[in-house]
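Below: the structure, in structure tokens.
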Amino acid sequence: MRLLAYEKKGKPAIGLRRNEDLVDISEAAPDLPLDMGALLAAPVEGRLQDVLDNPPSHSVHPLSGIKYFPPVWNPGKIICVGLNYENHAAETKLEKPDYPILFPRFKSTLVAHEQPLIAPKASKEFDYEAELVVVIGKNGRNIERANALDMVSAYSIFNEGSVRDFQFKSPTWTSGKNFDASGGFGPELVTIDELPPGARGLGIQTHLNNELLQDGNTADMMFDVSELIHEITKVMTLEAGDLIVSGTPPGVGFVRNPPIFMTPGDICEISIEGIGTLRNPISAEV
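If you're matching positions, the sequence shown starts at 134 in my numbering and goes up one per residue.
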């Protein structure tokens, strides 16, 4: 099942992807939650499948021409993971971690599919990072590794746009990872039944202006989805609608010679096998 968020009368609405159409949840089943996090937490999988299979005609709309929202537009937490692919750690010449490197992102960074990422005035070092997003579907604390995947409701795609000179100004990476409108997210959520357990073994790529720059596989994560949830929930409660942005494979721009960064006029596409392609143009900050 594929869920998306799109603009309806200036506000986000939830749609179920149905080939080249969407089924508007609020029109097909108005009693269901209107917030994506709440919908993910509700035991309504069977109901959603019924809506998808037999939608009222008035609730079906063409997918073409919609304006996407980030599929979870109001997440409680966005937890990012650094250096989670060994070859990426090696290319940066940073020490390989023996514990997940965690840092926050804020919702002011989120940009939907087909909407512009903003290259900031303050820097020329706006880098791309292809990442798998883990979407949490229930609340939990101190979750054992064997039970961790029960916390996951869906997966998606992230371009974790990183302003490198700001990222490395201090030992913590928060400033370089939190420029406004720097993180592409979408286009949709793909529920766990459509993907391998833990979204393991999926190809993950970045194309910038049609040039392949990253070509990895989620099987190469040092800390897989189960381990990330296990470790994160030692620290904090994960809640429905929280996001884990799980790290990037090798091929980022700042380690290249010469470096490659996203600049206004570029098109960046992040693809993950079985999920789709997130596409964002790059615009200048005004």
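No residue lacks a Cβ here, since even glycine has one placed at the ideal position from N, Cα and C. All values derive from a computational prediction rather than experimental measurement.
Looking from the CA of Phe387, the closest CA among Val419, Leu346, Met355 and Thr351 belongs to Leu346. Burial state of Gln182 is exposed, judged by a 10 Å Cβ sphere holding fewer than 16 other Cβ atoms. With fewer than 16 neighbouring CB atoms inside 10 Å of its own CB, His191 falls in the exposed class. Rounded to the nearest whole angstrom, the CA to CA distance from Phe394 to Glu258 is 6 Å.
With a beta-carbon spacing of about 20 Å, Asn311 and Thr396 fall beyond the 8 Å limit used to define contacts.
Beta-carbon to beta-carbon, Gly170 and Val244 are separated by about 19 Å, too far to satisfy the 8 Å threshold. If you check the CB distance, Met355 and Asn217 come in under 8 Å. Residue environment for Glu327: exposed (fewer than 16 other C-beta atoms within 10 angstroms of its C-beta).
Annotation for Val358: Val267 and Gly331 place their beta carbon closer than 6 Å to its own, counting only its chain and skipping 5 residues before and after. The region 372-383 makes contact with the region 193-212, as at least three CB pairs between them are under 8 Å. In the DSSP assignment, His194 falls within the beta strand (DSSP E) that extends over Val193 to Pro195. In the DSSP assignment, Lys367 falls within the alpha helix (DSSP H) that extends over Val358 to Val368.
For Ala255, no beta strand (DSSP E) run applies, since DSSP gives it neither H nor E. Counting only runs of 3+ residues, no beta strand (DSSP E) is found wholly inside the region 287-323. DSSP, read as helix, strand or coil, puts Ser416 in strand. Look at Asn220 here: in three-state DSSP terms it is helix. The bridge partners DSSP lists for Thr396 come to none. When DSSP states are grouped into helix, strand and coil, Gly209 belongs to the coil group. Pairing Asp353 with Arg297 gives a Cβ-Cβ distance that is not under 8 Å.
In the three-state DSSP reduction, Met134 falls in the coil class, being neither helix nor strand.
Ranked by how close their Cα comes to the Cα of Lys367, the residues Ile276, Lys200, Glu224 and Arg180 have Ile276 in first place.
Around the CB of Gly148, 16 or more other CB atoms lie within 10 Å, so the residue is classed as buried.
Around the beta-carbon of Ala138, 16 or more other beta-carbon atoms lie within 10 Å, marking it buried. If you check the CB distance, Ser289 and Pro233 do not come in under 8 Å. If you look at Ala245, you'll find it in the beta strand (DSSP E) that goes Leu243 to Ala245.
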